[in-house]
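If you're matching positions, the sequence shown starts at 167 in UniProt numbering and goes up one per residue. Glycine residues also receive a C-beta, built at the ideal position from the N, C-alpha and C atoms.
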Amino acid sequence: QAKRSGRGRVVVYTREMEEAAMRVTRIEQALRRAVAAGEVEPHFQPIIDLKMRQIRGFETLARWSDPDLGPVSPAVFIPIAEERGIIGPLAQLVLRKATEAARAWPDDLFLSFNLSPSQLVDQNTGLHILTILDRTGFDPRRLEIEITETGLMSDPCSAAKIIEDLRRCGIRVALDDFGTGLSSLGRLREFHFDKLKIDRSFVSSILEDRPSEHIIRAILAMCDGLGMEAVAEGIEEEGQAERLTQFGCWGGQGYLFGRPACAQTTIGLLRDSLRLKALLA
Ligand code: C2E
Ligand code: MG
Ligand code: MG
Ligand code: MG
167 QAKRSGRGRV
177 VVYTREMEEA
187 AMRVTRIEQA
197 LRRAVAAGEV
207 EPHFQPIIDL
217 KMRQIRGFET
227 LARWSDPDLG
237 PVSPAVFIPI
247 AEERGIIGPL
257 AQLVLRKATE
267 AARAWPDDLF
277 LSFNLSPSQL
287 VDQNTGLHIL
297 TILDRTGFDP
307 RRLEIEITET
317 GLMSDPCSAA
327 KIIEDLRRCG
337 IRVALDDFGT
347 GLSSLGRLRE
357 FHFDKLKIDR
367 SFVSSILEDR
377 PSEHIIRAIL
387 AMCDGLGMEA
397 VAEGIEEEGQ
407 AERLTQFGCW
417 GGQGYLFGRP
427 ACAQTTIGLL
437 RDSLRLKALL
447 A
């Protein structure tokens, strides 16, 4: 109960914090149950070659709907899973389901998968990933791991070791959300990335403001020099895609080309595009 005294504000804040903590705990408990029951599903969003306008691969995005809480965004449940120690089993579940689904795709398509910061501190991560690929019979050369700048920060040495292990097995590594993190460009000297994903915040304003355009062009020049492929995230309009293609950006991802979809819808999409290709050939 809030007091009227000067300390009242403190009491109100405390109650809000208590309610927030209770909600986090509810989500944590529901998520534990869902992971144990195998109820978190991978969805897939196409990544296309901008020049050829062809699908080259898909990013795996975790989806979860609880019977009581309804659908919960990964922006909410992934950080909770990280903080409460559920990320390991959750990631393994989603990767297993994703590689099983991707086996049905044409085998020149890649699958990308997001790694959380805490997974880059755990030296067992590489082994866990390789075990899953081995069991599902998925070629490591078709897998790409996405990590964020923040993920590299807490323990750069540990992250470097995991990244090198993965790359030695043929898994490609992408730097995600580039431009939004806290790390410096110097990180690009310490780590080797195969791909760099330009954050949606630059892409969404590319047609409106000059700074975004200059930043994107500078990032693309840097990718070129360092031998990294660039993928622009969050493309929603044709004009953005055209401008990015003109600047020489290799890949694109966004609602313009396709929203994240479940395994079954994704297979349908691939069948349709193959049929279309056969018709045009
Ligand atoms: P991310 O890895 O940067 O993924 C891209 C996010 O942008 C996805 O949000 C995607 O749905 C959204 N997006 C794609 N195209 C567009 C567009 O044109 N416009 C807009 N407005 N948004 C677009 P989502 O699925 O909500 O995922 C949010 C974040 O949660 C991801 O950001 C990733 O950091 C994390 N995440 C999702 N699944 C996993 C997972 O399996 N493991 C881990 N560790 N993190 C995950
Ligand atoms: Mg990503
Ligand atoms: Mg991203
Ligand atoms: Mg993002």
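Assign S370 to one of three DSSP states: helix, strand, or coil. For this step, residue 370 is matched to residue 204 along the sequence shown. In the structure shown, S370 falls within a helical segment according to DSSP collapsed to helix, strand and coil.
Looking at the unbroken beta strand (DSSP E) that takes in V206, where does it start and where does it end? Stepping through the sequence shown from its first residue, residue 206 is reached at position 40. No beta strand (DSSP E) holds V206; DSSP gives it neither H nor E.
If I measure Cβ to Cβ from V369 and keep anything under 7 Å in the same chain, skipping five residues before and after, which residues do I get? Here the question's residue 369 lines up with position 203 in the sequence shown. Contacts found: A398, E399, G400, I401 and Q406.
With a cut-off of 8 Å on the beta carbons, I'd call Q412 and I213 a contact; round off their distance for me. Sequence index remark: in the sequence shown, residue 412 carries index 246 (1-based). Sequence index remark: in the sequence shown, residue 213 carries index 47 (1-based). That belief does not hold up - the Cβ atoms of Q412 and I213 are roughly 19 Å apart, past 8 Å.
In chain order, which alpha helix (DSSP H) runs of at least 4 residues are fully inside the stretch 346-428? 353-356, 366-370, 376-392 and 404-412
Can you tell me which of the three DSSP states G434 falls into? Translated into positions along the sequence shown, residue 434 becomes position 268. Reduced to three states, the DSSP call for G434 is helix.
Short Cβ contact (8 Å threshold) for Q289 with P426: Indexing the sequence shown from 1 puts residue 289 at position 123. Indexing the sequence shown from 1 puts residue 426 at position 260. No.
What's the gap between the Cα of R383 and the Cα of L277? In the sequence shown, counting from the first residue as 1, residue 383 sits at position 217. In the sequence shown, counting from the first residue as 1, residue 277 sits at position 111. Going from the Cα of R383 to the Cα of L277 covers about 27 Å.
Could you spell out where the alpha helix (DSSP H) holding F304 opens and where it closes? As a working note, residue 304 is residue 138 in the sequence shown. No alpha helix (DSSP H) contains F304, which DSSP labels as neither H nor E.
Let me check you understand the geometry: is the CB of K363 closer than 7 Å to at least one non-hydrogen atom of ligand 3? In the sequence shown, counting from the first residue as 1, residue 363 sits at position 197. It does: the Cβ of K363 is within 7 Å (strictly closer) of some heavy atom of ligand 3.
Give the DSSP bridge partners of A340, in chain order. The residue you call residue 340 lines up with position 174 of the sequence shown. E312 and K361, per the DSSP bridge assignment.
Any heavy atom of ligand 3 closer than 7 Å to the CB of D343? For this step, residue 343 is matched to residue 177 along the sequence shown. Within the cutoff, so yes.
Alpha carbon of E379 to alpha carbon of R353, nearest angstrom: If you number the sequence shown from 1, residue 379 lands on position 213. If you number the sequence shown from 1, residue 353 lands on position 187. Roughly 23 Å between the two C-alpha positions.
If you run the structure through DSSP and keep just helix, strand and coil, what is A228? Here residue 228 is taken as the residue at index 62 of the sequence shown, counted from 1. It is a strand residue.
Just to confirm, are I298 and L261 a CB contact at a threshold of 8 Å? Walking along the sequence shown from the start, residue 298 turns up at place 132. Walking along the sequence shown from the start, residue 261 turns up at place 95. Yes, Cβ-Cβ distance for I298 and L261 is below 8 Å.
What residues match up with residue 157 in a beta bridge as DSSP calls it? Here the chain has residues from 167 to 447 only, and residue 157 is not among them.
Using a 10 Å radius around the Cβ and a threshold of 16 neighbouring Cβ atoms, would you call R320 buried or exposed? Taking the sequence shown and counting its residues from 1, the one referred to as residue 320 is at position 154. According to the sequence provided, residue 320 is Ser. The question's Arg does not apply to it. It is exposed - the Cβ of S320 has fewer than 16 other Cβ atoms within 10 Å.
Option nearest Q195 by Cα separation, candidates E182, L235, L332 and E207: Taking the first residue of the sequence shown as 1, we reach residue 195 at position 29. Taking only the C-alpha atoms, the option nearest Q195 is L235.
Can you give me the Cβ contacts of I381 inside the same chain, cut-off strictly under 8 Å, excluding the 5 residues immediately before and after it? Walking along the sequence shown from the start, residue 381 turns up at place 215. Cβ neighbours of I381 beyond the five flanking positions: G345 and F368.
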